[in-house]
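Asks: Structure incoming, see below.
2 protein chains.
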Amino acid sequence: MRWARVEVNGEAVHGIVEADRIALVEGGLFDGGLDGGGARTGQTVALADAKFLIPLEPKTFYAAGLNYAEHVIAVAKANNKEPNIPTDAHIGYRANNALIAHNQSIIKPSDASEEFQYEAELVAIIGKQAKNLSEADALNCVFGYTIGNDVSERAWQRADRTLWRAKNTDTFAPMGPWIETDVDLDSLTTIVRLNGREVISFATNNMIFGVARYISAMSRYFTLYPGDMVWMGTEGHAENMKLGDICEIEITGIGTLSNPIVAEA
Amino acid sequence: MRWARVEVNGEAVHGIVEADRIALVEGGLFDGGLDGGGARTGQTVALADAKFLIPLEPKTFYAAGLNYAEHVIAVAKANNKEPNIPTDAHIGYRANNALIAHNQSIIKPSDASEEFQYEAELVAIIGKQAKNLSEADALNCVFGYTIGNDVSERAWQRADRTLWRAKNTDTFAPMGPWIETDVDLDSLTTIVRLNGREVISFATNNMIFGVARYISAMSRYFTLYPGDMVWMGTEGHAENMKLGDICEIEITGIGTLSNPIVAEA
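Protein sequence lines, in the order shown, are assigned to chains R and Z.
Take the first sequence: its position 236, counted from the start at 1, is 236 in the working numbering, and no numbers get skipped.
Heads up: take any position in the second sequence, counting from 1, add 1000, and you land on the working numbering.
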């Protein structure tokens, strides 16, 4: 099942994607627990006309950061350093101010460099309060999965003491288009296209530490809550995005997240 | 004016602290903008009997991290490194799951080391949406100030790739007891007491980068929202907290945040 969140008459409404329409639903995304929101209103909107919102207003925005071997090696090489492959599932954080929805514009700040890049990520959405989960039980608290673009300004990432503006500037975290609840992690492929040209493709689940391992490790110390989300990192080397480009991230079985790059006003 | 948030009949209610009582108020903390919540209900609770909650459920939990020179030097010395004084106001992040209120227990995990330490911090609460603020205008978006204890497990802080469990474990972020809106930053002194014994005292505003500088820098890239908060870092070297200790942090003119240290069940 695919859960979208769209703007209808100025209000945010959840809905179920069915073929080319979205069936609107009453109430919050987790009103039905891991089964999702409340009753259908009977109203639908055409997928083509929908004004997408981020699929949920997340509680805590967790991010794995370095979690694919080739990406770790590519980043190290770009910085003339030896690659340092993570040996444990140590989670990081991003900021909700940066989130935008499917089709919304990624705004490139006027002082950003040319090294303005996408990072295609699988995003796990937590649907159930959880603590001290074993790795075998960890996925039982997952509501579903969506797609994230962890937009990164590499000059700032190298220069700054933290990732504050390099990865958390307003509009630097597109996510969507919706949450897919029926996912076979091992069957997923992530594909990035710039203006329709494929720039990278990789097996989504080829992570150093998978979703279950991260959630289990986190839940030893943190209570996880419905609405928390975990961005799982990206693979490979990225190209630069230029003004006017359209960046599309597809994860097969989930959908395609598309966002244009525009200049700061 | 002092804005507390307390539990009354199982509900979270904001209130104004007046002498030894809290006058309860209707609605949300920012319903009156920078003047605070709604109308008084006429009901009061005794300060001594109040069950304090965190003074707000924050939106984004920003943290300056290293922001006092002696602390940077002490941390470097403990790690046999040269001190690296920050040259710019680069903000970091903490997680809301870690927050607890005045009088609630800091739970020391069973696998935490002896290096389990307090960090006494001034916390600025944002009350107004803001972007691109000059340093001169930056404090105009601040609703008030409270006190934070950025509890830190130093062995994890040294060993881990991120600060995930070292600083974001459940209960590692006590804050309160309330928000003070009338604050003269230059007149504040921060004092930490362990079991009543003073362990450190410092001029609160003796920061490398002050509140206005941080907010101005952040607002260049981030939209700030009512309910965001900025923890401003701590000074000096900390002692270890042991099970059974009570850690009190006073910031003169604001109040005293007190929390006992207990073992994980």
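Every residue, glycine too, gets a C-beta built ideally from N, C-alpha and C.
Less than 8 Å between the CB atoms is what I'm expecting for G1227/Z and I1091/Z, so what's the real figure, rounded?
Replies: In the second sequence, residue 1227/Z corresponds to position 227, counting from 1. In the second sequence, residue 1091/Z corresponds to position 91, counting from 1. The pair is not a contact, with the Cβ atoms about 16 Å apart (cut-off 8 Å).
Asks: Verify the CB distance criterion: does W1164/Z have a CB-CB separation below 9 Å to chain R?
Replies: Locating residue 1164/Z in the second sequence gives position 164, where the first residue counts as 1. Yes, contact with chain R.
Asks: With a threshold of 9 Å between beta-carbons, can G148/R be considered close to chain Z, or not?
Replies: Taking the first sequence and counting its residues from 1, the one referred to as residue 148/R is at position 148. No, G148/R does not count as interfacial toward chain Z.
Asks: Per DSSP, T1189/Z is paired with what?
Replies: Position 189 of the second sequence holds residue 1189/Z. Beta-bridge pairing links T1189/Z to A1203/Z.
Asks: Out of curiosity, what's the CA-to-CA distance linking A166/R and N205/R?
Replies: Locating residue 166/R in the first sequence gives position 166, counting from the first residue. Locating residue 205/R in the first sequence gives position 205, counting from the first residue. Distance between the alpha carbons of A166/R and N205/R is about 25 Å.
Asks: Within 10 angstroms of the Cβ of I245/R, are there 16 or more other Cβ atoms? Answer buried if so, exposed if not.
Replies: One-based indexing of the first sequence puts residue 245/R at position 245. The sequence shown places Asp at residue 245/R, rather than the Ile named in the question. So D245/R ends up on the buried side.
Asks: With a threshold of 9 Å between beta-carbons, can Y1118/Z be considered close to chain R, or not?
Replies: Taking the first residue of the second sequence as 1, we reach residue 1118/Z at position 118. Taking Cβ atoms only, chain R never reaches closer than 9 Å to Y1118/Z, which makes this a no.
Asks: Which residue marks the beginning of the beta strand (DSSP E) containing H14/R, and which one marks its end?
Replies: Locating residue 14/R in the first sequence gives position 14, where the first residue counts as 1. 11-18 is the span of the beta strand (DSSP E), which, as asked, contains H14/R.
Asks: Assuming K167/R is part of the alpha helix (DSSP H), what are its boundary residues?
Replies: Position 167 of the first sequence, counting from 1, holds the residue named residue 167/R. Per DSSP, K167/R belongs to the alpha helix (DSSP H) from 164-168.
Asks: May I have the straight-line CA-CA distance separating L986/Z from A1101/Z, to the nearest angstrom?
Replies: No information on residue 986/Z is available, as it lies outside the stretch 1001 to 1265 that chain Z covers here.
Asks: Under 9 Å between beta-carbons, which chain Z residues line up against G92/R? List them in chain order, please.
Replies: Translated into the one-based positions of the first sequence, residue 92/R becomes position 92. Ordered by position in chain Z, the residues that pass the 9 Å Cβ test against G92/R are Y1093, R1161, T1162, L1163, W1164.
Asks: Is the CB-CB distance between N1103/Z and P1086/Z below 9 Å?
Replies: As a working note, residue 1103/Z is residue 103 in the second sequence. As a working note, residue 1086/Z is residue 86 in the second sequence. No; because the gap between Cβ atoms is not below 9 Å, this pair is not in contact.
Asks: Assuming contact is defined by CB atoms lying nearer than 9 Å, are I1106/Z and M1241/Z in contact in what I supplied?
Replies: On the second sequence, position 106 is the one that residue 1106/Z refers to. On the second sequence, position 241 is the one that residue 1241/Z refers to. Result yes, Cβ atoms of I1106/Z and M1241/Z sit closer than 9 Å.
Asks: Between G233/R and A76/R, is the Cβ-Cβ spacing less than 9 Å?
Replies: Here the question's residue 233/R lines up with position 233 in the first sequence. Here the question's residue 76/R lines up with position 76 in the first sequence. Taking 9 Å as the Cβ cut-off, G233/R and A76/R do not qualify as a contacting pair.
Asks: Hey, how far is the Cα of A1238/Z from the Cα of N1195/Z?
Replies: Position 238 of the second sequence, counting from 1, holds the residue named residue 1238/Z. Position 195 of the second sequence, counting from 1, holds the residue named residue 1195/Z. Rounded to whole angstroms, A1238/Z to N1195/Z spans 14 Å at the Cα level.
Asks: Once DSSP output is grouped into helix, strand and coil, what is the label at V72/R?
Replies: Residue numbering aside, residue 72/R sits at position 72 when the first sequence is read from its first letter. V72/R falls in the helix class under three-state DSSP.
Asks: Do W178/R and R2/R come within 9 Å of each other at the CB atom, strictly closer than that value?
Replies: The residue given as residue 2/R occupies position 2 in the first sequence. The residue given as residue 178/R occupies position 178 in the first sequence. In this structure, W178/R lies closer than 9 Å to R2/R by Cβ.
Asks: Buried or exposed: which applies to N168/R, given that a residue is buried once 16 or more other Cβ atoms fall within 10 Å of its Cβ?
Replies: The residue given as residue 168/R occupies position 168 in the first sequence. Buried, since its Cβ has 16 or more Cβ neighbours within 10 Å.
Asks: In whole angstroms, what separates the C-alpha of K131/R from that of E1007/Z?
Replies: For the purposes of this step, residue 131/R is identified with residue 131 of the first sequence, where counting begins at 1. For the purposes of this step, residue 1007/Z is identified with residue 7 of the second sequence, where counting begins at 1. Those two C-alpha atoms are separated by around 24 Å.
Asks: Can you name the residues of chain Z whose CB is closer than 9 Å to the CB of F222/R?
Replies: Start at 1 with the first residue of the first sequence, and residue 222/R comes out as number 222. Per Cβ cutoff of 9 Å: A1095, N1097, A1098, W1164, R1165, N1168, T1169, D1170.
Asks: So, G36/R versus T181/R, is the Cβ gap smaller than 9 Å?
Replies: Working through the first sequence from its first residue, we reach residue 36/R at position 36. Working through the first sequence from its first residue, we reach residue 181/R at position 181. In this structure, T181/R lies closer than 9 Å to G36/R by Cβ.
Asks: Using only alpha-carbon positions, find the residue among D184/R, A89/R, K51/R, R213/R that is nearest to G65/R.
Replies: As a working mapping, residue 65/R is identified with position 65 in the first sequence. Per the Cα distances, A89/R.
Asks: Under the DSSP definition of a beta bridge, which residues are partnered with G1036/Z?
Replies: Looking up residue 1036/Z in the second sequence gives position 36. Looking at the DSSP assignment, G1036/Z forms no beta bridge with any residue, so it has no partner.
Asks: With DSSP as the reference, label Q1104/Z as helix, strand or coil.
Replies: By one-based count along the second sequence, residue 1104/Z stands at place 104. Looking at Q1104/Z - three-state DSSP - the assignment turns out to be coil, as it is neither helix nor strand.
Asks: By the criterion of Cβ-Cβ separation under 8 Å, what are the contact partners of T60/R in chain Z?
Replies: Translated into the one-based positions of the first sequence, residue 60/R becomes position 60. Within chain Z, the residues near T60/R are A1095, N1096, N1097.
Asks: Report the rounded CA-to-CA distance for N1079/Z versus L1163/Z, giving the unit in angstroms.
Replies: Here residue 1079/Z refers to the residue found at position 79 when the second sequence is read from its first residue. Here residue 1163/Z refers to the residue found at position 163 when the second sequence is read from its first residue. Rounded to whole angstroms, N1079/Z to L1163/Z spans 16 Å at the Cα level.
Asks: Identify the contact partners of P83/R in chain Z, using a Cβ-Cβ distance below 9 Å as the criterion.
Replies: Here residue 83/R refers to the residue found at position 83 when the first sequence is read from its first residue. Those within 9 Å of P83/R in chain Z number zero; the least Cβ separation is about 13 Å.
Asks: Under three-state DSSP, which class holds M1229/Z?
Replies: For the purposes of this step, residue 1229/Z is taken as the residue at position 229 of the second sequence. Looking at M1229/Z - three-state DSSP - the assignment turns out to be strand.
Asks: Which residues does DSSP pair with M175/R in a beta bridge?
Replies: Sequence index remark: in the first sequence, residue 175/R carries index 175 (1-based). Looking at the DSSP assignment, M175/R forms a beta bridge with G148/R.
Asks: So does the segment 1021-1030 of chain Z actually touch the segment 1145-1160 of chain Z, counting three or more Cβ pairs closer than 8 Å?
Replies: As far as the Cβ criterion goes, the segment 1021-1030 of chain Z does not touch the segment 1145-1160 of chain Z, which means the pair count is below three.
Asks: Is the separation between the beta-carbon of A98/R and that of D170/R shorter than 9 Å?
Replies: One-based indexing of the first sequence puts residue 98/R at position 98. One-based indexing of the first sequence puts residue 170/R at position 170. Contact flag set, yes.
Asks: Anyone know if the C-beta pair for A279/R and A50/R falls short of 9 Å?
Replies: Because chain R is modelled from 1 through 265, residue 279/R falls outside the range shown and cannot be assessed.
Asks: Would you call the CB atoms of Y93/R and V192/R closer than 9 Å?
Replies: Stepping through the first sequence from its first residue, residue 93/R is reached at position 93. Stepping through the first sequence from its first residue, residue 192/R is reached at position 192. No, these two residues do not count as a Cβ contact at 9 Å.
Asks: So A4/R is in the beta strand (DSSP E); what residue range does that whole segment cover?
Replies: Mapped onto the first sequence, residue 4/R falls at position 4. Here the beta strand (DSSP E) through A4/R covers 2-8.
Asks: Can you name the residues that DSSP bridges to E1248/Z?
Replies: Taking the second sequence and counting its residues from 1, one reaches residue 1248/Z at position 248. Its beta-bridge partners are R1193/Z, S1258/Z.
Asks: Could you check if A1265/Z is buried or exposed, using at least 16 other CB atoms within 10 Å of its CB as the buried criterion?
Replies: By 1-based counting over the second sequence, the position of residue 1265/Z is 265. Looking at its Cβ environment, which holds fewer than 16 other Cβ atoms inside 10 Å, A1265/Z is exposed.
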